[in-house]
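Asker:
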Amino acid sequence: MARRQYPFHLIEPRWQDRWLAGQTFRAFNPGESIPADHPFGLRHNLAGRTPSADELPPKFYILDMFPYPSGAGLHVGHPEGYTATDILARYRRAQGRHVLHPMGWDAFGLPAEQYAIKTGQHPRVTTTANIANFTRQIRSLGFSYDWSREVDTTDPGYFRWTQWIFLQLYEAWFNPATRRAEPVSTIPYPADCDTEARRRAYRDARRLAYVAEAPVNWCPALGTVLANEEVVDGKSEVGGFPVVRKPMRQWMLRITAYADRLLEDLGLIDWSDSLKEMQRNWIGRSEGAEVDFQLDGHAAKVRVFTTRPDTLFGATYMVLSPEHRLVAEITTPSQRAEVERYQQFAAGRSDLERTELAKDKTGVWTGAHAINPVNGARIPVWIADYVLASYGTGAIMAVPAHDERDLAFARTFHLPVVQVVQPPHKGTPWEGFCDEGTAVNSSGPGISLDGLPTADAKRQVTAWLEGKGLGQRTVNFKLRDWLFSRQRYWGEPFPIVWKTDPATGERHHEAIELGSLPLMPPELDDYKPTEDGQPPLARATAWLELPDGALRETNTMPQWAGSCWYYLRYLDARNGGAFASGDAERYWMTGRPGVGPGPEPASGVDLYVGGTEHAVLHLLYARFWHKVLFDLGHVSTPEPFHKLVNQGLILGEDGQKMSKSRGNVVNPDDVLREYGADAFRLYEMFMGPLSETKPWNTQGVEGVYRFLGRVWRLFVDEASEVEFEQACAADPAHATAHLERVRLAPSVGDVPATPAQLKALHACIRKVTDDLEHMRFNTAISAMMMFVNEALPWPTKPSGVLASFIQLLAPFSPHLAEDLWERLHRHVGRPAPSLSYAPWPTFDPALLVEDAYDMPVQVNGKLRDVLRVPNEATQADIEAAAMASAKARPFFEGKTIRKVVVVPRRTVNIVAN
RNA sequence: GCCGCCGUGGUGAAAUGGCAGACACAGGGGACUUAAAAUCCCCUUUCCGCGAGGAAGUGCGGGUUCGAGUCCCGCCGGCGGCACCA
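In this note's numbering, the protein residues as written are 18 to 930.
#1: For Arg915, I'd like the list of residues in its chain whose CB is within less than 8 Å of its CB, leaving aside the five on either flank, ordered along the chain.
#2: With Leu105 as the anchor, note down where its beta strand (DSSP E) starts and where it stops.
#3: Do Asn389 and Ala332 count as a contact pair if the criterion is CB distance below 8 Å?
#4: Enumerated in chain order, which unbroken segments of the alpha helix (DSSP H) with a length of 4 residues or greater are wholly contained in the segment 541 to 587?
#5: Quick check on the DSSP output: what are the complete alpha helix (DSSP H) runs of length 4 or more inside the segment 280 to 353, in order along the chain?
#6: Does Thr41 come out as helix, strand or coil in the three-state DSSP assignment?
#7: For a test of the three-state rule: what should DSSP assign to Gln154, helix, strand or coil?
#8: Have a look at the DSSP bridge pairing and note the partners of Cys236.
#9: Take the Cβ of Glu701 as the centre, count every other Cβ of all protein chains shown within 10 Å, and call the residue buried at 16 or more, exposed below.
#10: Going residue by residue through the segment 708 to 757, where are the continuous alpha helix (DSSP H) segments of at least 4 residues, counting only ones entirely within it?
#11: Classify Asp542: buried if its beta carbon has 16 or more other beta carbons within 10 angstroms, exposed otherwise.
#12: To the nearest angstrom, how far is it from the Cα of Tyr23 to the Cα of Lys784?
#13: So, helix, strand or coil for Val818, using DSSP?
#14: Looking at the ligand MN, does it come within less than 7 Å of Gln180, judged from the CB to the closest heavy atom?
#15: Tell me the rounded alpha-carbon separation between Ala639 and Leu279.
#16: So is Leu841 buried or exposed if we call it buried at 16+ other beta carbons inside 10 Å?
#17: Give the DSSP-derived three-state secondary structure of Met18 in the structure shown.
#18: Can you name, in chain order, every residue of its own chain whose Cβ lies under 8 Å from the Cβ of Thr67, other than the five neighbours on each side?
#19: Kindly indicate the opening and closing residues of the beta strand (DSSP E) around His115.
#20: How would you write the range of the alpha helix (DSSP H) that Val876 sits in, first residue to last?
#21: Going by the CB atoms, is the gap between Arg325 and His419 shorter than 8 Å?
#22: Could you tell me whether the segment 279 to 291 touches the segment 506 to 513, using the rule of 3 or more Cβ pairs below 8 Å?
#23: Check this for me: beta carbons of Leu536 and Pro512, under 8 Å apart or not?
#24: What's the call for Lys485, buried or exposed, on a 16-neighbour Cβ count within 10 Å?
#25: Rounded to whole angstroms, what's the CA-CA distance from Trp164 to Ser620? Just pull it up for me.
#26: By alpha-carbon positions, which one of Ser69, Leu73, Gly94, Arg60 ends up nearest to Trp713?
#27: Does the Cβ-Cβ distance between Thr573 and Ala555 come in under 8 Å?
#28: With DSSP collapsed to three states, give me the class of Met802.
#29: Going along the chain, which unbroken runs of the beta strand (DSSP E) with 3 or more residues stay wholly within the segment 55 to 90?
#30: Assuming Ser598 and Asp589 form a contact by the criterion Cβ under 8 Å, report the distance between their Cβ atoms to the nearest whole angstrom.
#31: Given this structure, state the Cα-to-Cα distance separating Ser459 from Trp288, to the nearest angstrom.
#32: Relative to the C-alpha of Thr429, which candidate in Cys236, Ala863, Thr379 has its C-alpha closest?
#33: Among all the DSSP beta bridges, which residues are the ones paired with Thr136?
#34: Do you know how far the Cα of Gly488 is from the Cα of Asp123?
#35: On the three-pair Cβ rule with 8 Å, is the segment 182 to 190 touching the segment 642 to 651?
#36: For Ile464, which residues in the same chain have their Cβ closer than 8 Å to its Cβ, ignoring the five residues on either side in sequence?
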């Protein structure tokens, strides 16, 4: 190990202990008393008082995506985002904002349960140990979290409210008239709902949390169903086990009701375009029309969805999904055997096979025909698995001339292809042309689209269909309802019981009493599913069966449940009577118009930082729950997260993704031991822009570590440090106490700053402040390096200049900053105020102005000279100076000067030829 | 295939349309040292030149502009997302 640059190993734990003991970073809810000696209170004249929301400074809620506390411990990727948010939290605190910066644990999840299945150890035990390890690691990095608000999704005091929110969804429906969630009591019933049982069935079919028999992704190896999003290439996202489709009774959440609002409200929030685009694609809104086709020789009609009703005249066949309910009815006897064989083939094909063989079209003719409503054409009806049962109506009209998939199918089975769209550019072949053009060959009895541009043709044919009662304008979404139940032990039990109607024998579900929450999971000896495939909770018969004969729901909620709302629990984490008090929720989520520096307090979380892996699922689910809570009056903003930033991935030193198997994983504990938390934090920010993917480089850590060593040497007296080191060597047990032997250098003192010193400082203040506002941490650090490189040789070092510099450094490397801050104040005989709450330095532009500036001289756009130009020089002066330049002259002499472009304070360009 | 992002020295990277390569890492040279480590100083885009200096240069090809790493069009390469969604 190289020589230690400065005693970070003594400094860092000391300040971490002090911050924890003094609750330095505690945030105060409206109505909470602020201790008389708390630095936040002292800064804002609120010490010993109990301020209301109006009396507290404007809020800043800065949130990290909380981790799953895995057995592997923290990874260098975690602290990247955490460091960025911590720097901003400390910066905003210094600016006078009331910062909410919490941390917690997303602790339900599969690994602890699988470990329990293997070893019989209760997941609680594993989880507690892992949380302890994560806590130790995160604390060793010196983040300014308010630990009094720590949450743990597996804590009954937490999941009580997860269950409570589920019941809010359960007891609500989406009223299409008002476009929002309302209590189920407002559901209007149709006249035929004349019995309580019918009303119940009607009501249960409209709840935001409902039960459906649905084909699900069953993973036999994990013994559970998975959401579509948790299945990747036909395998489970966790573990990579095979997944099969299987119909099962499942709890679903009606997120599709919110599809439009989830889409529209992206306009309210400050997320990257790429992230918004991912959400838009996932929601997958598409406008089109539903059209009814009469089946030839049957009473039934087939309804199709199309985004191109303008191509209706080009429909030469129809395709139903193999699972379509009309298939059995319309199949002719001669085709029956083949159709049934195909249905079996399609059902047995896994998603993986469907995807891999996507381009090879398969299908079978049913023997039936349908009538095209616009021209009366009799077209064959096929089934094929390229038509999905779960999208649109599960049936399509095929227009092979203008749809790639239909064309491939038509070519395979030699079906006719009829042009109905003329491409806008001559020479573009019409066959397979899928864009917009002009309608052709599109006339029938009572309607003609010929000559109309696609958009007009769509409008006209849709209006015609609507007039005839043959179809209507429709919007479809790719987004599906959220499959919300899992067959696991280590998750929130559903607060639901099943009852049997003694008269009819029919089963129905009911919510348990709100007052009986939390519903605890039962204790088990064995965490596997039961022999007959029931979830593990079914093993606990005493828990399962209630005295009145009712049975508990045995599914549990997915891991997303706890992470859907944790940002709300932080607002008031210990509240036993509500998920958060209304006052706390309003204060932290809406703030009030800002005073002082920094952005206006945002509607929702001011800044949320986390990985891209949650770009769709977590963020969509959380937005959905938040909107339901908003509709029901439990929260006051339509969106949970105002500004969202994705941190980039950190790769191994070899440029590959870090993984155990590659052996390129960097353990933060090792880095901390050798270089300390301050250097670690600084390096993670110095590597490059936060959002970029970048490789780890241990030598890069040494670079910033050396910088911190230079900062240390900027302040301390070398001789005293030698004494300190000798004392430590002689008496290592009291190393911390020996720190007192370190004195600051005699060159540091209360002396007036020179103009050059002030200029160096204020340039640094300006750059660091501006960069922090834009989250450009790497360039802020380089500005501080430049300051230190310039300040090291100063013969005298004014304490005021050094103090301001420490403040700039503090958000990045807070331990060293605190230590030097304290020493500096002691050195000049003044008491040290709390660094964490010291007002952020402001720069004085007057100190940065010079009386002249460097002016590049270009000839024909090429740099030829740099002139020193006085500020008051006119354009003519500058031009004259440039023309007189000895270095530039040879490049235009003898040529005709065409033009001289003078851009004051930028450049002068002489154009000559 | 579609959508999005990104291509700058040996490496990580800087650069409101105005001096490309700040700040670091690595490398080379030097000071200090009995020696090493640590520290400090100098050099370090490429090519030509002893030098002063010159030429080229931000994935490739065009364009706009007095001036393009930056803006526009077309390619090539990488990363991420979606993927039979009618």
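Heads up, the beta-carbon is just placed ideally off N, CA and C, and yes, glycines get one too.
Answerer: In terms of the structure at hand:
#1: Val928, Ala929, Asn930
#2: Unbroken run through Leu105 is the alpha helix (DSSP H), 94 to 111; no beta strand (DSSP E).
#3: yes
#4: 558 to 561, 577 to 580, 583 to 586
#5: 290 to 300, 344 to 347
#6: coil
#7: helix
#8: Thr241
#9: buried
#10: 715 to 732, 735 to 747, 752 to 755
#11: exposed
#12: 27 Å
#13: helix
#14: By its list of ligands, the structure shown contains no ligand whatsoever, and the ligand MN lies outside what it can speak to.
#15: 11 Å
#16: buried
#17: Model confidence at Met18 stands at a pLDDT of 47, short of 50, so the residue's coordinates are unreliable; what they give is reported in the following sentence. Met18: coil per DSSP, three-state reduction.
#18: Gly48, Glu49, Ser50, Ile51
#19: 115 to 117
#20: That residue, Val876, is in no alpha helix (DSSP H); its beta strand (DSSP E) goes 869 to 876.
#21: yes
#22: no
#23: yes
#24: exposed
#25: 24 Å
#26: Gly94
#27: no
#28: helix
#29: 76 to 81
#30: 5 Å
#31: 44 Å
#32: Thr379
#33: Answer is none; Thr136 lacks a bridge partner.
#34: 48 Å
#35: yes
#36: Val391, Gln477, Val478, Trp481
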